[in-house]
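Step one of this worksheet: look at the structure below.
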């Protein structure tokens, strides 16, 4: 009986942990711009510590949505790997390319890559500039893609 109670406790603990949720392409709406999420190469997701998932049709929508918060407020910040459409990867560990020859749904020309080598190869083929998590956020703030939130 104690074994069964232990197994149930472990199951409940694991069931209550926050986890990424699948994006239903073609039916889920972006939590920032309200457009239908269809592009598997540019989608993104943020999951709170309580497990609430917010889905986005573009990385720039995710960045605008989380701008007034701290990265530590989120259990997961995920972006689609451009090389593996539909596969979500850690946003903070990803490599980013802004290329005028690689459009994204909201017009920032922003794509994410799991592997730096893939980002570099795409940059060589499509032109543009490479960024990490903090530098892409700074660049998008600087050029007005991420809307600055004033302190209240």
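Residue numbers (our numbering): 835 to 986. A virtual CB, placed ideally from N, CA and C, is assigned to each residue, including glycine. Values in this document were obtained by computation on a predicted structure and should not be read as measured data.
Around the beta carbon of residue 924, a 10 Å sphere encloses fewer than 16 other beta carbons of the protein chains shown; the residue is thus reported as exposed.
Remark: three or more beta-carbon pairs, one from each stretch, lie closer than 8 Å, so the region 951–964 and the region 928–937 are flagged as touching.
DSSP, reduced to helix, strand and coil, places residue 924 within a strand of the structure shown. Between residue 979 and residue 894, the alpha-carbon positions lie close to 7 Å from each other. Annotation for residue 956: the continuous alpha helix (DSSP H) segment containing it runs 950–960.
Less than 8 Å divides the Cβ of residue 945 from the Cβ of residue 936. Here residue 969 is exposed. Its C-beta has fewer than 16 other C-beta atoms within 10 Å. Ranked by Cα distance from residue 868, the first of 896, 885 and 875 is 896. When C-beta atoms of the region 876–891 are compared with those of the region 856–866, three or more pairs fall below 8 Å, so the two segments count as touching.
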